[in-house]
Amino acid sequence: MAAIESFDNIYLDLSKESGKSRFAENGLGWKPAGGGEAFTLDSSNIGGAQWSRAARGYEVKILLRSSGVVQLDGFHQEDYERLSKIFKNWYSVNLENKEHSLRGWNWGKAEFSKAELTFNVQNRPAFEIPYSEISNTNLAGRNEIAVEFAANDGGKSNGHNGTGGKGKKASAGKDQLVEVRFYIPGTTTRKEAEGGEAGSDADEEEKNAVTLFYDTLIEKAEIGETAGDTIATFLDVLHLTPRGRFDIDMYDASFRLRGKTYDYKIQYDAIKKFMVLPKPDDLHFLLCIGLDPPLRQGQTRYPFVVMQFKSDEEVTLDLNITEEELNGKYKDKLQSHYEQPLHQVVAYIFKGLANKKVTTPAKDFTTHRQQYGIKCSIKASEGFLYCLEKAFMFVPKPATYISYEQTQSITFSRVGGAVSALSTFDITVHMKNGAGSSQFSNINREDLKALEEFFKLKGLRVKNEIDDDTNLIAAALGDEDMASSDEEAVGPKADRGSADEDEESVDEDFQAESESDVAEEYDSNHESDGSGSEESDVDNQVDDEDEDMDDDDEGEKRPKKKKKTA
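Sequential numbering from 1 applies to the sequence shown in full-length UniProt numbering.
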């Protein structure tokens, strides 16, 4: 056997580009055909190997001793014998032939192995999910769990980063699966969940199956864990977006939000903006963290995390870091001890660990009440608009960030037909290149002048339609005054409305007695038959009731006549 075995047109971990794979006694390597970063794997890290059908032919899946998975796709069926000898003779590993289930069933059994989650149908794997691709998991319902995958990083990776990072394989593909959900009813034991035999330990307590699946997946995929210990922890922090209370665990390279239902681990690299905004009530501060990729809850995306703190709530905190780290890596960034308001401590630690600039409202603008936040609304959602040095920021929901550089023009307008039109106005921000517009409604009229001066100071184009409307109204009122003065000069010919009609108008509803519909009853020449029978009395009573009903229907059209009494 040759010292090196080579295979062409092989794809590494869903890479977009094929390359050449070479096997040697001390390990294997892969290099893209168009040039780029090569991938190598030492033979001592190879713990197992599997052969199966795949997207581009046949695949060799290598299970690493360090709990990882490497996939090489694009082999031909006749390569099996050759590869089997390579793994057996050089790496002392049997190349196991695995057949996948092709039934297409959506029910089966999930098993947790060392490096991946396998979904089996009739004891054959239907699909596998490497733990390295799982970014988060949440209980989505009573018996339902959602498994989220790391977001695409723009396809910069060839498919494998060699460092065990999250989502580097799937990011190489054009399309990407971002979430899968499992329905897991009933109860089970931990051994059954991990693939053991049922009833092997009669004393083991049964638990809700979906909860046990959730706990096992978090442990296996290391979702709730990061390298190193927790540097700082803040308990029961109120979040306005996404809504709820979360515990914040801060690590060296990431932070974790732990809630009752949802649990997130977010890398500091994903933080693009960090803002500290004072609320207009002078009682709270808002901390806004801009994320890319955004946070996800099912189909809902949250590009901003908004926290709320009481301004007078203070905390005493000692960071869990050594003196060496404090004087080296975190020098001039963090302190070992904090005794300040809570929102300031959280902001300082985020700034030190994430190395991000903290943005605050612009000093050149304040409202008529000397505050930075403007109370307004986006459609039906009320919130606060802040004018920053380089952008607008609306919080809490929907959290909206608009850069001044992306703004084409700003229009001030009055609310059409509203009762509060004289005391409030709207701002419409038009974006460049036809990117749409955003409208902020119901802003206090007393803030108009300060906003207009601030926008002009920032070099933004401003159109004030409120002044134009005021001039038009004034002109219209002036025309009406002139017209009314001309009409008054006419004198006797002036139209006085219904006053003229009252002088000489004839009451058309009045009817003479001779034309009365009930003349036989009220006229003086009426002749009674004098029978006084009971039947005639009933008839007269009915006639009287009909007459009353007619009178009620006609209202003021015909005046009622008094009945004569004997």
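Every residue, glycine too, gets a C-beta built ideally from N, C-alpha and C.
Computed from a predicted structure; not experimentally measured.
Separation of residue j from residue i, as counted between CA atoms
| i | j | result |
| --- | --- | --- |
| I86 | S92 | 9 Å |
| V70 | S101 | 21 Å |
| S44 | D249 | 36 Å |
| V542 | A380 | With a pLDDT of only 41 at V542, under 50, the local geometry of the prediction cannot be trusted, and the value read off the model is given with reservation. If you take the alpha carbons of V542 and A380, they lie about 59 Å apart. |
| P396 | F285 | 12 Å |
| A209 | K16 | 38 Å |
| I223 | D252 | 15 Å |
| R369 | F182 | 53 Å |
| V180 | R243 | 23 Å |
| G19 | F255 | 37 Å |
| R82 | C288 | 57 Å |
| E116 | G36 | 28 Å |
| A24 | E78 | 20 Å |
| N120 | L177 | 19 Å |
| H239 | S52 | 47 Å |
| A221 | F112 | 10 Å |
| L326 | Q335 | 7 Å |
| A423 | K356 | Sequence check: residue 423 is Ser here, not Ala. C-alpha separation (whole angstroms): 40 Å. |
| A399 | G48 | 48 Å |
DSSP state of residue i mapped onto helix, strand, coil
| i | result |
| --- | --- |
| S441 | strand |
| T407 | strand |
| S336 | coil |
| T188 | strand |
| V345 | helix |
| S514 | In this prediction, S514 has a pLDDT of 45, which is less than 50 and means its spatial position is unreliable; nothing more can be read from the coordinates. |
| E452 | helix |
| N45 | helix |
| L63 | strand |
| N143 | coil |
| F182 | strand |
| N464 | strand |
| T211 | helix |
| F350 | helix |
| K114 | coil |
| D426 | strand |
| Y131 | helix |
Status (buried if at least 16 other CB within 10 Å, exposed otherwise) for residue i
| i | result |
| --- | --- |
| G162 | Summary for G162: the model assigns pLDDT 41, below 50, so the residue's position carries little reliability; its value from the coordinates is reported in the next sentence. Exposed, because fewer than 16 other Cβ atoms sit within 10 Å of the Cβ of G162. |
| I10 | buried |
| L457 | exposed |
| P185 | exposed |
| K273 | buried |
| I134 | buried |
| I4 | exposed |
| W105 | exposed |
| L12 | buried |
| N138 | buried |
| A33 | exposed |
| H76 | exposed |
| A55 | exposed |
| L451 | buried |
| L388 | buried |
Distance cut-off 7 Å: residue i Cβ against heavy atoms of the ligand FMN
| i | result |
| --- | --- |
| E96 | Questions concerning the ligand FMN fall outside what the structure shown contains, since it holds no ligand whatsoever. |
Checklist entry - If you scan the region 73-106 from start to end, which runs of the beta strand (DSSP E) of 3 or more residues do you find wholly inside it? => result 95-97, all fully within the region 73-106.
Item to check | Those runs of the alpha helix (DSSP H) which lie wholly inside the region 1-30 and span at least 4 residues | outcome: Restricting attention to alpha helix (DSSP H) runs no shorter than 4 residues, the region 1-30 encloses none.
Next on the checklist: List, from N- to C-terminal side, the alpha helix (DSSP H) runs of 4 residues or more that fit wholly inside the region 266-343.
Outcome noted: Within the region 266-343, the complete alpha helix (DSSP H) runs of at least 4 residues are 323-327.
Checklist entry - If you pair each beta-carbon of the region 315-326 with each one of the region 279-294, do three or more pairs fall below 8 Å? => result Taking 8 Å as the limit for Cβ pairs, the verdict is that the region 279-294 does not touch the region 315-326.
Checklist entry - Are at least three pairs of beta-carbons, each pair with one atom in the region 329-343 and one in the region 298-306, less than 8 Å apart? => result By the Cβ criterion, the region 329-343 is not in contact with the region 298-306, since fewer than three pairs of Cβ atoms, one from each stretch, lie closer than 8 Å.
Checklist entry - What are the complete alpha helix (DSSP H) segments, minimum 4 residues, inside the region 215-260? => result Complete alpha helix (DSSP H) runs here, min 4: none at all.
Item to check | Stretch-stretch touch, CB-based, cutoff 8 Å, three pairs: the region 351-360 with the region 431-445 | outcome: Result no; under three Cβ-Cβ pairs closer than 8 Å.
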